[in-house]
């Protein structure tokens, strides 16, 4: 994540935006040398009707005033109960590659093909943003259904200029085909998301876990821990903070970030912020000495890998080995205590048919688990392992897992679950990012929105109670021990969407640890006084905000 999560100088540069950034970059060429053509009818909605599109629950309509080009656009009224999915089925040729694209405007808008690939964007920033995916038909396939939809509780989205290109398009379009549109887009068609990313904010498995076993690393004295990310390789509006100036209130300090030389190569580098970007940055010797001084006080300093810009895909055994070797070299060079996995965007996704989180088969999953187990074996019990996934990759797994039993879902949904499960006996701490998130269903089967105590309680309770994956009661993700769970929150409004004031933080903690002051959500796991603590993006943003977050943590826990 570089402005990384800069985890999150700009609200638009969210961890979910990172995923979208990777997603919208996908645009593939057509197979073969045949000339491409248009397969969709009324993709610009200039007929002033939906036909031949169909939308769920009467949620779709054609509107004026929101077009990217021409006069009309599709409006999908997503609600708490309906994603407003609109589809069109077209004739296609077997063994042929097609490119599906659309311009969308809204929050959490998806584009894809049933049984195939899909992509999405968490926010277009009020302007139109292009989404694009490609897919190849099977040897016997003669039709395809393409779709676009929003997300539960996210309100109306707009789509325009939806196109399906491929070789051998129908010679004569249907009479209902949309009229040609103006070539020049309206001013609202400007590119979307902030170009400044947030640098946030992300294997062979062992036998079935015992959830009653104690975590590898015991809680620190006092039983609670405060975790924060230190902007070590970049600068942003929060300002650079020397390691020696990090307050001793922080128990675990995650260095942001280690990033890959290439997405699939596996080799990780950690480059400290240069003086040109971070005036006053300390020397390498002073940085290393400050790390040792923190450790002498019982603090842990970890390398955090990933973030918004650090997409890592360990697709091969060679990439796995490169990951192990390069991460070991960084840990040894700086004398670090372990690793934080902050994989976001498209780092983790599940192959079609990989539906059992307990026995994953997707290489990027299995190789990551194998790599971390190798690191743990090398460093032993002292090795600290933390993870900072987004809700999309964990709690969303209660409803959706991978591409689903019939395909068509986002393959990243719940993709962190097999990693957490496979490394559960090595896991020191899981602190899911309860921010920059869409609405997520809790164990009460109600949708919860970030920015409230209920959201933190509901998301955390899912980790403490366990939950059936994709609603399958025969496939339950087991509860973690309270000492393995912390709540991830932004330090202030600049750090990320979903900031809550100290009073709301305390309300969530009261409900989770004492069973008092709960709102509409009642924890299924009961009160958990051994909940490990809190994580924030970031130490720098907390320092910028007069240490409000860390002061409140110690005021609460003592």
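Residue numbers (the working numbering): 41 to 598. Glycine included, C-beta positions come from ideal geometry on N, C-alpha and C. Please read all numbers here as calculations on a predicted model, not as lab measurements.
In the three-state reduction of the DSSP assignment, residue 515 falls in the strand class. Relative to the Cα of residue 276, the nearest Cα in the group 517, 460, 202, 535 belongs to 535. Counting every other CB atom within 10 Å of its CB across the protein chains shown gives residue 581 a total of 16 or more, marking it as buried. Sixteen is the threshold: when 16 or more other Cβ atoms of the shown chains lie within 10 Å of the Cβ of residue 124, as they do, the residue is buried.
Assignment of alpha helix (DSSP H) within the region 414-481, counting only whole runs of 4 or more residues, yields 457-462 in chain order. Closest option to residue 513, judged by alpha-carbon separation, among 523, 497, 483: 483. Secondary structure at residue 575: strand, using DSSP grouped into helix, strand and coil.
Distance from the CA of residue 279 to the CA of residue 497, rounded to the nearest whole angstrom, comes to 32 Å. The criterion of a C-beta distance shorter than 9 Å is satisfied by residue 134 and residue 180. With fewer than 16 other CB atoms across the displayed protein chains lying within 10 angstroms of its CB, residue 288 is exposed.
Inclusion of residue 577 and residue 190 in the CB contact set at 9 Å is not warranted, their separation being larger than that value.
Taken through DSSP and simplified to helix, strand or coil, residue 268 comes out as strand. Judged by DSSP in its simplified three-state form, residue 386 adopts coil rather than helix or strand. In the structure shown, residue 153 adopts extended strand secondary structure according to DSSP, grouped into three states.
Rounded to the nearest whole angstrom, the C-alpha separation of residue 328 and residue 475 is 32 Å. Taking the Cβ atoms as the reference, residue 313 lies roughly 23 Å from residue 363, outside the contact range of under 8 Å. Bounds of any alpha helix (DSSP H) do not take in residue 276, whose DSSP letter is neither H nor E. Per DSSP, reduced to three states, the secondary structure at residue 181 is coil, with no helix or strand assignment.
For residue 145, the enclosing beta strand (DSSP E) starts and ends at 137-145.
In summary, residue 158 is buried, with 16 or more beta-carbon neighbours lying within 10 Å of its beta-carbon over all protein chains present. As computed with DSSP, residue 189 is found in a beta bridge with 150. Note that the C-beta distance between residue 390 and residue 454 is below 9 Å.
Following the DSSP letters along the chain, one finds residue 500 inside the alpha helix (DSSP H) bounded by residues 493-505.
When the five nearest sequence neighbours on each side are left out, the beta carbons in the same chain lying within less than 6 Å of the beta carbon of residue 284 are those of 330, in order along the chain. Between the alpha carbons of residue 573 and residue 593 lies a gap of roughly 8 Å. Membership of residue 171 in the beta strand (DSSP E) is indicated by the continuous run 169-176. As far as DSSP is concerned, residue 358 takes part in no beta bridge. Collapsing the DSSP output to three states places residue 408 in a helix. Between the C-alpha atoms of residue 286 and residue 579 there is a straight-line separation of about 8 Å. Our two residues, residue 375 and residue 467, have alpha carbons roughly 20 Å apart in a direct line. For residue 173, the closest C-alpha among the options 166, 187, 537 is that of 187. Rounded to the nearest angstrom, the Cβ distance from residue 517 to residue 437 is 7 Å, consistent with a contact under 8 Å.
Beta bridge pairing from DSSP links residue 129 with 185. Taking residue 457 as reference, the option from 481, 502, 418 with the minimal CA-CA separation is 502. Selection 106, 108, 105, 113 evaluated against residue 91 yields 113 as nearest (Cα-Cα). Per DSSP, reduced to three states, the secondary structure at residue 201 is strand.
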